[in-house]
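The structure appears below as structure tokens.
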Amino acid sequence: MSTAVIFQIQSTLIVALMTYGIYLRRNRAAHIKVMFTTIIWDILLVLQIELSRSAILKASHAMNNPMMLNIHVSIAILTVLFYFAMLRTGYLFKNGRNDIRPLHKKLGWITYTLRWLTYITSFLAVIPKETM
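In this note's numbering, each residue carries its 1-based index in the sequence shown increased by 782.
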């Protein structure tokens, strides 16, 4: 099995786990465990991709990359940045800052949308130009 397939399987599981974590949002303890696991796993997946493909080096050649790859990389970077915002606001909310809840919720839906866009564009970024 190629690394690309392994990465896509992991990505599918991450999106599914994130969806399950959102479903659990009313059970705070379970929600925190699932979402924290999901975020850490996704960041580790980004590191796996970097170490096996030199993704940052390829992304740095943006002018030579297909447009869809540049879009995918941009969305993936935004997703990771939003993960850090989610971790911070989640930590504050868990520790009694109830005023942060609306922000955490908005950031959560944005992060979830970005993760889905990352997932979708990961498939589109590998389609040869001739077929698009």
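Glycine is no exception: its CB is placed at the ideal position from the N, C-alpha and C atoms.
Since the model is a prediction, treat every value here as computed from it, not as a measurement.
{"Asked": "Cβ-based burial, Ile-949 [other Cβ within 10 Å; buried from 16]", "Found": "Only positions 783 to 914 of the chain appear in the structure, and residue 949 is not among them; the question remains open."}
{"Asked": "Ile-796 classed as buried or exposed, judged by whether at least 16 other C-beta atoms fall within 10 angstroms", "Found": "buried"}
{"Asked": "Buried versus exposed, by CB contacts within 10 Å (16 or more), Asp-881", "Found": "exposed"}
{"Asked": "At least three beta-carbon pairs within less than 8 Å, the region 891-905 to the region 810-819", "Found": "no"}
{"Asked": "Same chain, Cβ closer than 7 Å to Tyr-901, neighbours up to 5 away in sequence not counted", "Found": "Ser-793 and Val-797"}
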